[in-house]
């Protein structure tokens with residue numbers, strides 16, 4: 013079992029090389045050089061998320077197949093290979109119009125995500141059968157740490173490439189990065205050949221509509237799905253345009269923007285294990301509520317940040333926001349796998365991811381339409397000039413605030429309150445930091461007896 017889980021973690025780390033290499037600020041700049049508008053960026057963020065609807069088809073098929081591995085591998089490898097022609101479009105179609113190149117690029121990305129989302133329920137169903145429930149939260153937390161560390165290291169490398177090749181066009185740099193990312197992404201999927209697949213618990217002859225409606229008839233899970241859809245729309249309304257805002261409005265260089273996105277992995281790495289243990293002890297609901305309540309803060313930073321302090325302020329903000337992302341991811345994943353019945357787990361997972369993806373994608377497209385409609389407009393208030401991006405960020409902030417009561421409505425048996433978890437966090441983090449010098453001096457002045465090889469202290 014340990015070898016299997018290590019292989020899954022290693023494969024995930026390779027995926028964290030694929031994602032930054034194909035979805036970094038250099039990718040955004042590459043599309044800008046093709047002549048993309050704000051509406052195009054909305055489509056680029058929104059259409060792939062709408063493709064999440066294909067998870068329903070994947071979930072239905074996952075309940076019928078004897079084996080899920082082969083289809084999962086074919087779909088993921090085929091989808092990731094699509095980034096090669098997308099990155100080489102200016103060379104493959106030198107005489108094509110800019111509008112055509114942008115639309116073909118968006119189409120390749122959308123097709124990649126369509127194939128990925130079709131395979132996602134297969135993977136979650138497989139992993140749900142493979143990972144023992146007693147270590148579920150701890151394993152996801154530990155795996156998330158390694159994935160985020162790899163994410164940070166890869167973004168650091170991308171920033172280095174952007175800095176050293178700062179004089180070159182993104183049309184020359186992005187194909188190189190995309191090739192590296194695709195190689196890592198394909199090897200990631202090939203590694204699953206050596207991961208065992210437990211027998212699949214099939215759904216038998218149940219009708220598709222019955223399978224689809226089961227998650228929505230489940231009272232607790234329905235509340236979770238409604239919240240997840242609302243929060244996805246609220247976050248994507250702003251998140252889809254953060255990179256373009258950094259490059260286009262704040263005029264932050266590509267290499268600095270890549271460094272800023274690097275810290276997203278570092279923050280998650282430091283706290284993922286902690287969140288996993290909190291989920292084991294207190295349940296998923298309080299962690300979810302705490303993270304959702306604090307997530308609007310990143311939009312506040314984007315509303316008020318300006319040069320010359322933009323890179324420093326956003327780097328710090330991303331670091332702390334990524335800590336919330338880690339807790340949100342662990343709580344979401346654990347809750348989904350815990351609440352979903354084994355025989356229809358793929359459809360329960362799809363109901364969460366697909367519906368929220370559709371709402372998030374529509375929100376991103378709506379944000380792009382709003383940016384284009386208000387392009388060139390500005391308002392003076394409070395001694396500052398506010399533009400169309402600020403309007404989108406403000407709407408996202410208000411929508412995120414509105415999601416907090418929805419997160420509080422989620423139910424989970426035998427879970428602690430958010431206040432209890434906050435008290436635990438306050439007792440662990442600040443006090444340990446403040447008391448560290450005192451404890452260190454005490455240990456040096458009064459060294460305790462040597463610990464035996466097997467002895468260990470309980471880590472909170």
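In the working numbering, the protein residues as written are 13 to 472.
Note that the Cβ used here is the ideal one computed from N, Cα and C, for glycine as well.
Original post:
Per DSSP, what kind of secondary structure is residue 385 in: helix, strand or coil?
Top reply: Sequence index remark: in the chain shown, residue 385 carries index 373 (1-based). Three-state DSSP puts residue 385 in a helix.
Subject >> Reference residue 204; option with closest CA among 81, 410 and 335 >> reply: Sequence index remark: in the chain shown, residue 204 carries index 192 (1-based). Closest option to residue 204, Cα to Cα, is 81.
**OP:** Tell me residue 396's beta-bridge partners as DSSP assigns them.
**Re:** The sequence position of residue 396 within the chain shown is 384, counting from 1. According to DSSP, residue 396 bridges with 393.
**OP:** Taking the CB atoms as reference points, tell me whether residue 68 and residue 362 lie closer together than 8 Å.
**Re:** The sequence position of residue 68 within the chain shown is 56, counting from 1. The sequence position of residue 362 within the chain shown is 350, counting from 1. Yes, the Cβ-Cβ distance between residue 68 and residue 362 is below 8 Å.
Original post:
How many angstroms separate the CA atom of residue 448 from the CA atom of residue 285?
Top reply: Counting from one through the chain shown, the residue named residue 448 turns up at place 436. Counting from one through the chain shown, the residue named residue 285 turns up at place 273. Caution is warranted here: a pLDDT of 40 is assigned to residue 448, below 50, making its placement in the model unreliable, and no coordinate value can be reported.
Subject >> Of the listed residues 178, 122, 196 and 202, nearest to residue 84 (C-alpha basis) >> reply: As a working note, residue 84 is residue 72 in the chain shown. Checked all of 178, 122, 196 and 202; the closest Cα to residue 84 is 202.
Original post:
So is residue 370 buried or exposed if we call it buried at 16+ other beta carbons inside 10 Å?
Top reply: Reading the chain shown from its first residue, position 358 is the one you call residue 370. With 16 or more Cβ atoms within 10 Å of its Cβ, residue 370 is classed as buried.
Subject >> Helix, strand or coil at residue 75 [DSSP, three-state] >> reply: Start at 1 with the first residue of the chain shown, and residue 75 comes out as number 63. If DSSP states are grouped into helix, strand and coil, residue 75 belongs with coil.
Original post:
Roughly how many whole angstroms lie between the Cα atoms of residue 118 and residue 43?
Top reply: Working through the chain shown from its first residue, we reach residue 118 at position 106. Working through the chain shown from its first residue, we reach residue 43 at position 31. So the alpha carbons of these two residues sit roughly 9 Å apart.
**OP:** Might you give, ordered along the chain, the residues of its own chain that have their beta carbon closer than 7 Å to the beta carbon of residue 63, omitting 5 neighbours on each side?
**Re:** Numbered from 1 along the chain shown, position 51 holds the residue referred to as residue 63. These residues qualify, in order along the chain: 122, 125, 126 and 129.
Subject >> Spatial distance of residue 186 from residue 342 (CA atoms) >> reply: The residue you call residue 186 lines up with position 174 of the chain shown. The residue you call residue 342 lines up with position 330 of the chain shown. When rounded, the distance between both Cα atoms is 32 Å.
Subject >> C-beta contact flag for residue 50 and residue 380 at 8 Å >> reply: Looking up residue 50 in the chain shown gives position 38. Looking up residue 380 in the chain shown gives position 368. Against a cut-off of 8 Å, the Cβ pair of residue 380 and residue 50 comes out as a contact.
Subject >> Cα-Cα separation, residue 426 to residue 389 >> reply: Within the chain shown, numbered from 1, the residue matching residue 426 stands at position 414. Within the chain shown, numbered from 1, the residue matching residue 389 stands at position 377. Rounded to the nearest angstrom, the two C-alpha atoms are 51 Å apart.
Original post:
Does the distance from the CB of residue 3 to the CB of residue 319 come in under 8 Å?
Top reply: Outside the modelled stretch of the chain, which goes from 13 to 472, sits residue 3, for which no answer is possible.
**OP:** Look at the alpha carbon of residue 242 and the alpha carbon of residue 190, and state the distance between them as a whole number of angstroms.
**Re:** Your numbering for residue 242 matches position 230 in the chain shown. Your numbering for residue 190 matches position 178 in the chain shown. Answer to the nearest angstrom: the Cα atoms are 33 Å apart.
Original post:
Between which two residues does the alpha helix (DSSP H) harbouring residue 272 extend?
Top reply: Translated into the one-based positions of the chain shown, residue 272 becomes position 260. 266-294 is the extent of the alpha helix (DSSP H) around residue 272.
Original post:
Does DSSP put residue 47 in a helix, a strand or coil?
Top reply: Here residue 47 is taken as the residue at index 35 of the chain shown, counted from 1. If DSSP states are grouped into helix, strand and coil, residue 47 belongs with coil.
Original post:
From 27, 78 and 94, pick the residue whose C-alpha is nearest to that of residue 134; which is it?
Top reply: As a working note, residue 134 is residue 122 in the chain shown. Cα-wise, what sits closest to residue 134 is 78.
Original post:
alpha helix (DSSP H) containing residue 348: first to last residue?
Top reply: To locate residue 348, count along the chain shown from 1; it is residue 336. Counting along the chain, the alpha helix (DSSP H) containing residue 348 begins and ends at 322-351.
Original post:
What is the DSSP secondary structure of residue 107, reduced to helix, strand or coil?
Top reply: Counted from its first residue, the chain shown places residue 107 at position 95. Reduced to three states, the DSSP call for residue 107 is coil.
Original post:
Looking at the structure shown, is residue 313 part of a helix, part of a strand, or coil, going by DSSP?
Top reply: Here residue 313 is taken as the residue at index 301 of the chain shown, counted from 1. Three-state result, residue 313: helix.
Subject >> Environment of residue 324 [buried if 16+ CB atoms lie within 10 Å] >> reply: Translated into the one-based positions of the chain shown, residue 324 becomes position 312. It is exposed - the Cβ of residue 324 has fewer than 16 other Cβ atoms within 10 Å.
Original post:
So, are the CB atoms of residue 250 and residue 258 less than 8 Å apart?
Top reply: As a working note, residue 250 is residue 238 in the chain shown. As a working note, residue 258 is residue 246 in the chain shown. No. Outside cutoff.
Original post:
Under the rule that 16 or more other beta-carbon atoms within 10 Å means buried, what is residue 136, buried or exposed?
Top reply: The residue you call residue 136 lines up with position 124 of the chain shown. Looking at its Cβ environment, which holds 16 or more other Cβ atoms inside 10 Å, residue 136 is buried.
**OP:** Could you spell out the range, first to last residue, of the alpha helix (DSSP H) harbouring residue 226?
**Re:** Position 214 of the chain shown, counted from the start, is the residue given in the question as residue 226. Counting along the chain, the alpha helix (DSSP H) containing residue 226 begins and ends at 220-229.
Original post:
Hey, which unbroken runs of the alpha helix (DSSP H) at 4 residues or more fall wholly within the stretch 115-197?
Top reply: 148-176
Subject >> Whole-angstrom distance between residue 278 and residue 157, CA atom to CA atom >> reply: Mapped onto the chain shown, residue 157 falls at position 145. Mapped onto the chain shown, residue 278 falls at position 266. Roughly 9 Å separates the two Cα atoms.
**OP:** Starting from the Cα of residue 18, find the closest Cα among 97, 89, 208 and 88 and give me that residue.
**Re:** As a working note, residue 18 is residue 6 in the chain shown. Comparing Cα-Cα distances from residue 18 to each of 97, 89, 208 and 88, the minimum goes to 208.
Original post:
Among the residues of its own chain, which have a CB less than 8 Å from the CB of residue 28, if the five just before and after it don't count?
Top reply: Taking the chain shown and counting its residues from 1, the one referred to as residue 28 is at position 16. Within the same chain, residue 28 has close Cβ partners 159, 160, 162, 163, 166 and 277.
Subject >> Neighbourhood of residue 246 by C-beta, 8 Å cutoff - its chain only, sequence neighbours within 5 removed >> reply: In the chain shown, counting from the first residue as 1, residue 246 sits at position 234. For residue 246, where only same-chain residues beyond five positions count, the Cβ hits under 8 Å are 375, 408, 411, 412, 414 and 415.
Original post:
Using 8 Å as the Cβ pair cut-off and three pairs as the minimum, do the stretch 420-434 and the stretch 292-300 touch?
Top reply: yes
**OP:** Evaluate residue 321 with the Cβ neighbour count: other Cβ atoms within 10 Å of its Cβ, from every protein chain shown; 16 or more gives buried, anything less gives exposed.
**Re:** Locating residue 321 in the chain shown gives position 309, counting from the first residue. That one is exposed.
**OP:** Determine the contact status of residue 184 and residue 356, defining contact as a CB-CB distance below 8 Å.
**Re:** Here the question's residue 184 lines up with position 172 in the chain shown. Here the question's residue 356 lines up with position 344 in the chain shown. Not in contact: residue 184 and residue 356 (Cβ atoms no closer than 8 Å).
Original post:
Just curious, the alpha helix (DSSP H) that residue 260 is in, first and last residue?
Top reply: One-based indexing of the chain shown puts residue 260 at position 248. First-last of the alpha helix (DSSP H) with residue 260: 254-260.
Subject >> N- and C-terminal bounds of the alpha helix (DSSP H) containing residue 84 >> reply: Looking up residue 84 in the chain shown gives position 72. 81-93 is the extent of the alpha helix (DSSP H) around residue 84.
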